[in-house]
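Let me begin by presenting the structure, written as structure tokens, before commenting on it.
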Amino acid sequence: MAKTVAHMTSVHHPFDTRIYHKECRSLQHAGYDVTLIAPETDSASEINILPIKKYTNKFLRMAFSTYQVYKQARQLDADYYHFHDPELLPIGWLLKKKNNVVIYDIHEDYATSIMQKEYIPRPIRKLITKTYKRMENVLGRDMAFCLAEKYYEELYPHGQTILNYPLLDQSLLNKEVSEDVGQPENKLLYTGNIDVDRGAYVQARLPLIDEEITVYFFGKCSREVADNMYETAGAEKDRLIIEGIERYVPREDIDHQYMNRRWLAGLALFPPTDHYKRKELTKFFEYMSAGIPILCSNFPVWQAFIDRYQCGIAVDPQDKADIQDALEYLRLYPEEAAKMGRNGQKAVREELNWQKEEEKLLQWYDELSRKAREIGDEHAK
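So the number in the numbering used here is just where the residue sits in the sequence shown, counting from 1, plus 719.
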């Protein structure tokens, strides 16, 4: 019989790219019986989804959604439980048996992220961070850790890194990026969740920095952040297009945008934060797949990435002149911009793709299953 896998999230959208399109689909294609426990959706799915009620209030979600996840998961009695949110740590601990596998998929550096939330008083932030780390150390003792970023290996030396590289989407990779297609449009693209730490207000200033530019955002954005972005752009707010205010933007819609235009650049102009400046952003790889040059902040890790793959330009996100110079360069030298796009596609095709991470994931699942059997056999003696 096929081994059963339950992926669990109370926070992420059921069609989250990493959870649904990469991990769940890869496991399903490899012959696993996969179920996803996630917030309810009306959309059709190729994976069996057990819905839980979605709460907009964070405290209600942590109280009631977590219990619903546990109730659904316990009934499955799965061989693998793979969860994606820190609030599900107690659930993972309750589900752990001697002969099954529980995996905590760490999408973010949560301790650092908590310390950056300036709306929480600093002493409270410290207390929350300490409590979280203590809970993680105690409840996660018998779990396997799946790491979405390279630098998380420093925090979890026994974890398994499964990077968030893109699927090999042939329609994107086959998008022609030649030197003679003419001048790119004066349009910049940003994809993914939109918030302050992800550069919402930095990027909202772009129409004020460059009078020819229109900036398109495709990703979930709160009404408050969107209103503040429009206010930041002031009289130029008509050149700020935000798709995704108070709603999830489906993967298919974002892929369509990658193909829809000849974008001048894909944006990642983030302010400097400990949480993001060491991450290799998933949007980097997606821009590269579509042959779009990257325009990003010049954090050392990001600068090194751009230099290695020659796929864009890194600038000081607080320096208007630096940003303006980069935009002007991309406009004046379309053949160089096209070369950056082709370099990005080549890197994704040959190295930075999910298919290679998929192999690691499947091999790791096999290893975890073997260890669980050995432990079960030991306890049966």
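Think of the CB as a built atom: it goes at the ideal place given N, C-alpha and C, for glycine as much as any other residue.
Could you give the first and the last residue of the continuous alpha helix (DSSP H) run that contains residue i?
i	result
D957	It is not in any alpha helix (DSSP H) - D957 carries neither H nor E in the DSSP assignment.
L795	T785 to L795
G1063	P1053 to E1069
P991	That residue, P991, is in no alpha helix (DSSP H); it is neither H nor E in DSSP.
P926	L925 to I928
Put residue i into one of helix, strand or coil per three-state DSSP.
i	result
D1038	coil
I1032	strand
M727	strand
Y935	strand
Y774	coil
P969	coil
G811	helix
A945	helix
L908	strand
L769	strand
V921	helix
A763	coil
P805	helix
H740	helix
K816	coil
R1089	helix
D1044	helix
E999	coil
H1149	Residue 1149 is absent from the model: the chain starts at 720 and stops at 1100.
R980	coil
Could you check which residue in the options has the C-alpha nearest to that of residue i?
i	options	result
Y1028	A757, Y823, Y829 and P1012	P1012
P1019	Y800, P758 and D993	D993
L874	L907, H826, E931 and I928	H826
Y977	D752, Y739 and Q1064	Q1064
F1003	E971, N1062, M948 and D1035	N1062
G938	E950, L925, R924 and I973	I973
A757	R737, H732, E742 and C743	H732
M727	R780, Q791 and L858	Q791
L935	S729, L1071 and G985	Per the sequence shown, the amino acid found at residue 935 is Tyr instead of Leu. Closest option to Y935, Cα to Cα, is G985.
A830	K836, T848, H740 and P1036	T848
R793	Q1022, R917 and N819	N819
L1071	S784, E971, I881 and R966	I881
A923	L755, Q1037 and Q787	Q1037
L927	R942, A1091, S941 and T951	T951
D804	E999, K845 and F864	F864
A1009	W982, K996 and G918	W982
G1031	A1040, P969 and M1007	M1007
L1081	V921, R744, D916 and P885	R744
E931	L907, E943, D914 and V921	L907
N947	G963, I1025 and V915	V915
E1078	Y739, K722, H748 and V730	H748
P991	Y786, R737, Q835 and R841	Q835
K773	K845, H740 and T785	T785
Y751	T723, Y799 and R780	T723
R737	Q1074, K1090 and I1094	Q1074
Y1052	T850, Q902 and C1015	Q902
Based on the DSSP output, what are the partners of residue i in its beta bridges?
i	result
A952	Beta-bridge pairing links A952 to no other residue.
Y1008	It should be pointed out that residue 1008 corresponds to Ser in this sequence rather than to Tyr. Answer is none; S1008 lacks a bridge partner.
S1016	V1034
N752	It should be noted that the sequence gives Asp, not Asn, for residue 752. D752 pairs with T723.
V1108	Examination of residue 1108 is not possible in this model, given that the chain is present from 720 through 1100 alone.
A757	P770
C940	I913 and I964
Which first and last residues belong to the beta strand (DSSP E) in which residue i is found?
i	result
F802	Y799 to F802
L986	A984 to A987
For residue i, would you say it is in contact with chain B, using Cβ-to-Cβ distances shorter than 8 Å as the test?
i	result
R841	Of the chains in the structure shown, none is chain B; there is only one protein chain.
What I want to know is whether the C-beta of residue i ends up closer than 7 Å to one or more non-hydrogen atoms of the ligand SAH.
i	result
D888	Here there are no bound small molecules, and the ligand SAH is not part of this structure.
Exercise for review: Return the chain-ordered ranges of every alpha helix (DSSP H) run that is complete within the region 824-902 and spans a minimum of 4 residues.
Suggested key: Segments of the alpha helix (DSSP H) lying fully in the region 824-902: 829-834, 841-858, 871-874 and 889-892.
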